[in-house]
Structures are given as structure tokens and as C-alpha cells.
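**Student:** In full-length UniProt numbering, the protein residues as written are 1 to 308. Glycine is no exception: its CB is placed at the ideal position from the N, C-alpha and C atoms. Handing you this structure, nothing more for now.
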Amino acid sequence: QIVPVIETKDGVRVLKRLAINFKSTVNEYLEDIPDVFTTCSDELAKVAGEYRSCVDLQGAYKQVLLTDQLSRKILAVVTPRGYAIPNRLMFGVKTAPAIFNANMRKLMHSCNGRGPIKCAQMVDDVCLSGDTPEEHFANLAEFLYRLYACGLKANLSKCSFYKDEVRFLGKIVDRRGVRLDTSTTDAIIKMPAPRDKSQLRSFLGFLSYVSKHIPDLRSARAPLDYLIKPDIKFIWDINHGEAFTRCKQLAGNSALLTHFDPTKPIVLTTDASPYGVGACLSHKVVINNRTRLLPIAYASASLKDAQR
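Structure representation (C-alpha cells):
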């Protein structure tokens, strides 16, 4: 097979790597490795605090050594100069994410008799937090010690330390909570009206990504969801245009989600329409002698015909 060479930017450097398609070689023969499923929302819930640091692990999977000679040989590819036999785990191997995540979770949970670290981790992105400078420093120092002890390296150009605000997993996180990056909302707002089902699915995919920040989104997008059904012909009319515009407006006004605090009162608000149901989980707080509800998360679902 032809193996293209891809250039990637690493800060100011331009790196080259082989883009090997393991689907046509070993992936179908590899046994799946059970992995503990975690979502971005699960990890973002772990970064509450006054101070935050983000660490990017350099090369991700490529820091995992292939010590087994058989593992190296089955990942080899043929090139005009002979066999290219990797020494480290490669991108594109279907079990690579599970292997890397399992090792990272073990590292975060314990290392040389030390207990768990307070952090959020998704593949090679790690975010650590703390309520005081001292707590955060101790947490960060322990994490860096564990990287050193295991021979792992961080990409300094992509790291940020002791920040009030960081970008993590595509969201902006600060002491108040989690909000969408303006680049994400701007991309949704600037999307033109779809001309076919494929473009509409792409738009709805963007909406699903930001749905936890938008109240009762399912009701607003109901006409668009109906249009992508397999037995429905794609005919764009004024109702779809209005729903499309409404969804973009909601994305532009997406809410800041406060960090969950088990010590604060919780309020669950629900709503329903002929097309869907929605809910909001909030904290009840007093700010300047006024009671306010700060949203923690939104949820919504469209109703099937039999449920209406």
C-alpha cells in the first residue's frame, strides 16, 4: 500500500510522520480491548477550582514502547527502502486508544505507592485544578513527577500553567464554569442553509456537540430532525428555514454551565412541548442578596409520534 507522509505543526516546528492505514493490515485481526467509557462532560466536571493547568503529552500513543518483537513485526509496513518496523505504538491501530487510556488511568490512580491525582484526562490531554495555589502546585508537581517516573514527556509548547482560564476538550473552563469557545459558536452561526441531507446531518452534528449548553434544543430542531428521516424526501421550506435560524440563534446565546458543587442546593426544572421535552439542572445560590439559579446542565429529547 502507499503510505503518505503527513506534515504536522508542533508549535513552531513542522514534523513529518507516516500515515499508515492499519485497516487494510492488522486492525481486523486485533482483539478489542475493553475500555472504561468516559465522555467529555464527565472529564470537564473534574476541573472545578480557582487555578488550572493543562498538559499535552507529546506524541500520545508514540510514547508507548513496543517491547514485544511480535508486536513490532505485525505493525511493519513495506516501503521502497524495505520494511518500516515501528518501535512505538502507532496512530491508526484500533486498540491504541484503549491501551493508552488504560495506562494513563493507572498512572493517575497510583504510582510508586502514591494515591490518586485530582485531574481530568482524555487521551493525551490532561487538565489539573486546585482551589488554592498551594493545592494546585502540589497536584501539578505530583503529576509531573509521575510523568518523569514513567519516562513520559509533555509538549511544552501546548502546555499552560496556573491559568484562570484554559481551553480544554474544545471548551473554555474558568472558576465560574464551562462555556463554549467562540470559534465553535461562530462556525455554527456562519453555516449556510443545507442543500441536502448530508449537509443537514453535519449541521445537526454540530448542534449535538453544543446541546448541553442550550435549553430545550430538541424542540427547536424538531423540523430538521424530521427532514433527515430515510423515508422523507429532502424539500427545504420556510418552516425548516425558521428552525435553522432559531437553532443558530440558540447556539449564539449558549449558556455558561456552572461547576457542580454537592454542598449547594440543587433545582431540577422541566418543560415539554408537542415536539419534545427538556430539563435543566441548576444550583440555587444567593448573589448580592438575590436568589439565582445557575445552570449546571441542560438536557432535551424529541418525542416520537406515539409519545406525542
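Exposed or buried, what is residue 248 when buried is set at 16 or more other beta-carbons lying within 10 Å of its beta-carbon?
**Tutor:** One-based indexing of the sequence shown puts residue 248 at position 248. Result: buried.
**Student:** From the DSSP output, in three-state form, read off residue 197 for me.
**Tutor:** Within the sequence shown, numbered from 1, the residue matching residue 197 stands at position 197. Three-state DSSP puts residue 197 in a helix.
**Student:** Name, in chain order, the residues that DSSP records as bridge partners for residue 287.
**Tutor:** Within the sequence shown, the letter at position 287 stands for residue 287. 290, per the DSSP bridge assignment.
**Student:** Does the separation of the CB atoms of residue 195 and residue 301 fall below 7 angstroms?
**Tutor:** Taking the sequence shown and counting its residues from 1, the one referred to as residue 195 is at position 195. Taking the sequence shown and counting its residues from 1, the one referred to as residue 301 is at position 301. No, the Cβ-Cβ distance between residue 195 and residue 301 is not below 7 angstroms.
**Student:** If you draw a straight line from the C-alpha of residue 267 to the C-alpha of residue 257, how long is it?
**Tutor:** In the sequence shown, residue 267 corresponds to position 267, counting from 1. In the sequence shown, residue 257 corresponds to position 257, counting from 1. In a straight line, the C-alpha of residue 267 is about 14 angstroms away from that of residue 257.
**Student:** From residue 69 to residue 262, what does the alpha carbon distance come to, in whole angstroms?
**Tutor:** The count along the sequence shown starts at 1 and reaches residue 69 at position 69. The count along the sequence shown starts at 1 and reaches residue 262 at position 262. Distance between the alpha carbons of residue 69 and residue 262 is about 50 angstroms.
**Student:** Would residue 88 pass as a contact of residue 166 if the rule is Cβ separation under 7 angstroms?
**Tutor:** Position 88 of the sequence shown, counted from the first residue, corresponds to residue 88. Position 166 of the sequence shown, counted from the first residue, corresponds to residue 166. Against a cut-off of 7 angstroms, the Cβ pair of residue 166 and residue 88 comes out as no contact.
**Student:** Measuring CB to CB, does residue 40 end up less than 7 angstroms from residue 168?
**Tutor:** Locating residue 40 in the sequence shown gives position 40, where the first residue counts as 1. Locating residue 168 in the sequence shown gives position 168, where the first residue counts as 1. Not a contact, by the Cβ cut-off of 7 angstroms.
**Student:** Looking at residue 122 and residue 43, is the spacing between their C-beta atoms short of 7 angstroms?
**Tutor:** Position 43 of the sequence shown, counted from the first residue, corresponds to residue 43. Position 122 of the sequence shown, counted from the first residue, corresponds to residue 122. Yes; because the gap between Cβ atoms is below 7 angstroms, this pair is in contact.
**Student:** In the DSSP assignment, find the beta strand (DSSP E) that holds residue 79 and state where it starts and stops.
**Tutor:** Counted from its first residue, the sequence shown places residue 79 at position 79. 77–79 is the span of the beta strand (DSSP E), which, as asked, contains residue 79.
**Student:** Could you work out which residue in 179, 234, 78 and 186 is closest to residue 201 when comparing CA atoms only?
**Tutor:** Position 201 of the sequence shown, counted from the start, is the residue given in the question as residue 201. Residue 201 has its Cα closest to that of 234, out of 179, 234, 78 and 186.
**Student:** For the region 67–87 and the region 111–127, state whether three or more C-beta atom pairs, one from each stretch, are separated by less than 8 angstroms.
**Tutor:** Because the criterion of three Cβ pairs below 8 angstroms is not met, the region 67–87 and the region 111–127 do not touch.
**Student:** Pick from 272, 295 and 290: whose alpha carbon is nearest that of residue 280?
**Tutor:** In the sequence shown, counting from the first residue as 1, residue 280 sits at position 280. Looking at the Cα atoms, 295 is the closest of the given residues.
**Student:** Helix or strand or just coil, what does DSSP make of residue 74?
**Tutor:** For the purposes of this step, residue 74 is taken as the residue at position 74 of the sequence shown. Here residue 74 sits in helix by DSSP.
**Student:** Once DSSP output is grouped into helix, strand and coil, what is the label at residue 205?
**Tutor:** Sequence index remark: in the sequence shown, residue 205 carries index 205 (1-based). Helix.
**Student:** Flag this pair as yes or no: are the beta carbons of residue 177 and residue 240 separated by less than 7 angstroms?
**Tutor:** Translated into the one-based positions of the sequence shown, residue 177 becomes position 177. Translated into the one-based positions of the sequence shown, residue 240 becomes position 240. No, Cβ-Cβ distance for residue 177 and residue 240 is not below 7 angstroms.
**Student:** Have a look at the DSSP bridge pairing and note the partners of residue 278.
**Tutor:** Looking up residue 278 in the sequence shown gives position 278. Residue 278 is bridged to 271 and 300.
**Student:** According to DSSP, simplified to helix, strand and coil, what is residue 40?
**Tutor:** Stepping through the sequence shown from its first residue, residue 40 is reached at position 40. It is helical.
**Student:** Could you check which residue in 297, 50 and 182 has the C-alpha nearest to that of residue 136?
**Tutor:** On the sequence shown, residue 136 is found 136 positions in, with the first residue counted as 1. Checked all of 297, 50 and 182; the closest Cα to residue 136 is 50.
**Student:** Measure the C-alpha to C-alpha separation of residue 22 and residue 75 and round it to an integer number of angstroms.
**Tutor:** Residue mapping note: residue 22 aligns to position 22 of the sequence shown, counting from 1. Residue mapping note: residue 75 aligns to position 75 of the sequence shown, counting from 1. Taking the straight line from one Cα to the other gives about 8 angstroms.
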